[in-house]
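Working notes, structure below.
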Amino acid sequence: MHQLPDEIVRAHSEDGLLRLMAVRSTALVESAGRRHHTWPVATAALGRALTAALMLGELSLVGPARLTLRLIGDGPLGAVIADCDSQGRVRGYVSQPEVALPLASGGKLAVGAALGRGRLVVSRDLPDGQIYTSAVPLRSGEVGEDLAAYLDASDQIPSAVGLGVRLAKSGRVVGAGGWLVQILPGGERHLDLIERSAAELPPVSGLMAEGVATAEVLTRLAPSLRLVGLSSHAVSFRCTCSMAKARLAVAMLGERALEDRPTDQSTVETRCHFCNRRFLVPVESPSRPAGAARS
Ligand SMILES: [Zn+2]
Numbered sequence: 083m084h085q086l087p088d089e090i091v092r093a094h095s096e097d098g099l100l101r102l103m104a105v106r107s108t109a110l111v112e113s114a115g116r117r118h119h120t121w122p123v124a125t126a127a128l129g130r131a132l133t134a135a136l137m138l139g140e141l142s143l144v145g146p147a148r149l150t151l152r153l154i155g156d157g158p159l160g161a162v163i164a165d166c167d168s169q170g171r172v173r174g175y176v177s178q179p180e181v182a183l184p185l186a187s188g189g190k191l192a193v194g195a196a197l198g199r200g201r202l203v204v205s206r207d208l209p210d211g212q213i214y215t216s217a218v219p220l221r222s223g224e225v226g227e228d229l230a231a232y233l234d235a236s237d238q239i240p241s242a243v244g245l246g247v248r249l250a251k252s253g254r255v256v257g258a259g260g261w262l263v264q265i266l267p268g269g270e271r272h273l274d275l276i277e278r279s280a281a282e283l284p285p286v287s288g289l290m291a292e293g294v295a296t297a298e299v300l301t302r303l304a305p306s307l308r309l310v311g312l313s314s315h316a317v318s319f320r321c322t323c324s325m326a327k328a329r330l331a332v333a334m335l336g337e338r339a340l341e342d343r344p345t346d347q348s349t350v351e352t353r354c355h356f357c358n359r360r361f362l363v364p365v366e367s368p369s370r371p372a373g374a375a376r377s
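With the sequence shown counted from 1, adding 82 to any position gets you my numbering.
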């Protein structure tokens, strides 16, 4: 089946009291997993985090701002980090990509157990140089619930969230995505409708795997309402690393670290945490005054 392009779609109810968003992230989660060689539960956790960051970014970023979402748990995955800009470009990694756990109930990947107990931390890096950080304790470690708890606490806006990643037996990502509904002040009368439709909605990973249009997810979340202001844009895995940044990082290692490398080596290998790209940075041979001896 032809795979639909990754995108984020948003709309609101005609009365302006419901804000809805849906993301298709299948290709970018597959790309993230391939870059980092993640095992299935790590692919699922990273994919949910990347999708969650994109939705938070869409809600709150304008211009050259960035948002970083960190899931920091005491489980085997360690930390899961996702970072995005206001244009839907996201990158991320998991500190322990090779984690295997028995499946959770219903045959689902045990993301909550793999993350364990901990915190969800969100930082916004604004164009004026200010960084705003807020955090909530992880509720379940399943990411969707944790993101809803974060939005309830930080923005004081009741929110419902769905996030999911479906893998084939081979480990390939066949469906990934998310949705978000927020009930703005005065919109409490929509609460029952949203609770009902969210409960009836199949897992978003399945909808994406089946090729359901991203905008269709919004319609299914608010079936009896007229949605207006529909807009969409592409989302993708994109890193900001470069050879220039890698050179700077190596320069900051200092001469002592470089001296420890074998003398026949004229390059130092460094990897970008976020995308796992490898850089071979050329270095000068360590210069020592002739005749000087090391003690
Ligand atoms: Zn990178």
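Glycine included, every Cβ here is placed at the ideal spot set by N, Cα and C.
According to the neighbour-count rule (16 or more other Cβ atoms, all chains shown, within 10 Å of its Cβ), is P364 buried or exposed? exposed
So, is T108 buried or exposed, given that buried needs 16 or more other C-beta atoms within 10 angstroms? buried
Out of curiosity, what's the CA-to-CA distance linking R92 and V176? For R92 and V176, the gap between their C-alpha atoms comes out near 28 Å.
Whole angstroms is fine: what's the gap from G223's alpha carbon to P158's? 12 Å
Tell me, please, whether the stretch 287 to 300 touches the stretch 230 to 242 by the rule of three or more beta-carbon pairs shorter than 8 Å. The stretch 287 to 300 is not in contact with the stretch 230 to 242.
Are there any heavy atoms of ligand 1 lying less than 6 Å away from the beta-carbon of C166, as far as the coordinates show? no
Using a Cβ-Cβ cut-off of 8 Å (strictly less than) and excluding sequence neighbours within five positions of S279, which residues of its own chain qualify? R302, L303, A304 and P305
Ligand 1 heavy atoms versus the CB of F356: any closer than 6 Å? Yes, the beta carbon of F356 sits closer than 6 Å to at least one heavy atom of ligand 1.
Buried/exposed call for S287, threshold 16 Cβ in 10 Å: buried
Verify whether the separation of the beta carbon atoms of A131 and A182 is less than 7 Å. no
First and last residue of the beta strand (DSSP E) that includes L309? L309 to A316
Does the stretch 259 to 279 come into contact with the stretch 96 to 114, if we say contact requires no fewer than three beta-carbon pairs (one atom in each stretch) closer than 8 Å? yes
Compute the distance between the beta-carbons of E89 and S318, then report whether it is under 7 Å. no
Taking Cβ to Cβ, would you say L149 is nearer than 7 Å to R206? yes
Inter-residue spacing [alpha-carbon to alpha-carbon] between V123 and E366: 42 Å
Report whether the distance from the Cβ of R116 to the nearest heavy atom of ligand 1 is below 6 Å. no
Find the nearest neighbour of D167 within the set L362, A135 and D210, judged by alpha-carbon distance. A135
Where are the beta strand (DSSP E) runs, 3 residues long or more, that stay fully inside the stretch 247 to 290, in chain order? 255 to 265
Please confirm whether any heavy atom of ligand 1 lies closer than 6 Å to the CB of R359. yes
Residue range of the unbroken alpha helix (DSSP H) whose run includes V123: P122 to S142
Of the residues C321, C323 and E298, which one's Cα is nearest the Cα of L312? If we check each option's Cα against that of L312, E298 comes out closest.
What did DSSP end up calling L233 once you bin it into helix, strand or coil? If DSSP states are grouped into helix, strand and coil, L233 belongs with the helices.
Best match in L335, P209 and R173 for proximity to R52 [C-alpha to C-alpha]: As displayed, the chain neither begins before 83 nor continues past 377, which places residue 52 out of reach and without an answer.
Rounded to whole angstroms, what is the Cα-Cα separation between S348 and C357? 24 Å
Can you tell me the Cα-Cα spacing of M359 and Q238, whole angstroms? Sequence check: residue 359 is Arg here, not Met. So the alpha carbons of these two residues sit roughly 39 Å apart.
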